[in-house]
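Working notes, beginning with the structure itself.
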Amino acid sequence: MHTQLDRTDRKILVELQKDGRISNVELAKRIGLSATPCLERVKKLEREGFIKGYKAVVDPVKLGQGLLVFVEVTINKNSPDVFERFNEAVKQHDEIIECHLVSGNFDFLLKTRVTDMSEYRGVLGEILLKLPNINESRTYVVMEEVKGEEGEIIKPCAP
């Protein structure tokens, strides 16, 4: 059962998504509460799982991960546990930033970031195509990031 969020809770969530390091005093000021009730609401939102955590948003280009790549994957559905095996294998690779089971003409949409196309060729050959039950893959290299979610986990390149 989902707890209903009121307008104030939603304002808190909006402000914390903009700046997770905002002080409680400043947050309270922005949403029109005093500090103590604001902190109580934040703690409740954390306890109930509306706030899953806090993290730093890093610049993938500065970390040498400027090339964003999406990969469509189709798998052979030759056993009942094929999806579970694929899911577990994907979780073992930090190079795969996101993995989504989707409906449509393919099964999974993967997201990865790399330095350049040469590195991606390595990720494709050494990781992606070795995932269990891969039948087919299609790669889409992003030319420009127009709008995206900030805060993805990016594996820093070795120096």
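Per the UniProt record's numbering, residue 1 is the first one in the sequence shown, and the count goes up by one each step.
C-beta atoms are modelled at their ideal positions from N, C-alpha and C, and glycine is treated no differently.
**Report entry** Rounded separation between L131 and A89 - CA only
**Finding:** CA-CA distance, L131 to A89, rounds to 6 angstroms.
**Report entry** Where R138 sits in the DSSP three-state scheme
**Finding:** In the structure shown, R138 adopts extended strand secondary structure according to DSSP, grouped into three states.
Requested in this report: Check whether the Cβ atoms of I96 and T112 sit closer than 8 angstroms, and answer yes or no.
Outcome: Going by C-beta atoms, I96 is nearer than 8 angstroms to T112.
Query raised in the report: For Q4, does the count of other Cβ atoms within 10 angstroms reach 16, so buried, or fall short, so exposed?
Result: An exposed status is given to Q4, since fewer than 16 other beta-carbon atoms sit within 10 Å of its beta-carbon.
Query - Nearest residue (CA-CA) to M117, options V57, Q17, R21 and F70 - result: Checking every option, the nearest Cα to that of M117 belongs to F70.
Report task. Give every residue of the same chain whose Cβ lies closer than 7 angstroms to the Cβ of D107, excluding the five residues on either side of it in the sequence, and list them in chain order. Result -> Hits under 7 angstroms: V73, T74, I75 and L101.
**Report entry** Nearest-angstrom Cα separation, counted from G125 out to I134
**Finding:** Their Cα atoms are separated by approximately 12 angstroms.
Requested in this report: In angstroms with no decimal places, state the Cα-to-Cα distance between D9 and S137.
Outcome: Roughly 42 angstroms between the two C-alpha positions.
Report task. Report whether the distance from the Cβ of I134 to the nearest heavy atom of the ligand MN is below 7 angstroms. Result -> This structure lacks the ligand MN, and indeed carries no ligand of any kind.
Query raised in the report: What do you get for V123, buried or exposed, if any count of 16 or more other CB atoms within 10 angstroms of its CB means buried?
Result: Residue burial annotation: V123 is buried, with at least 16 other C-beta atoms found within 10 angstroms of its C-beta.
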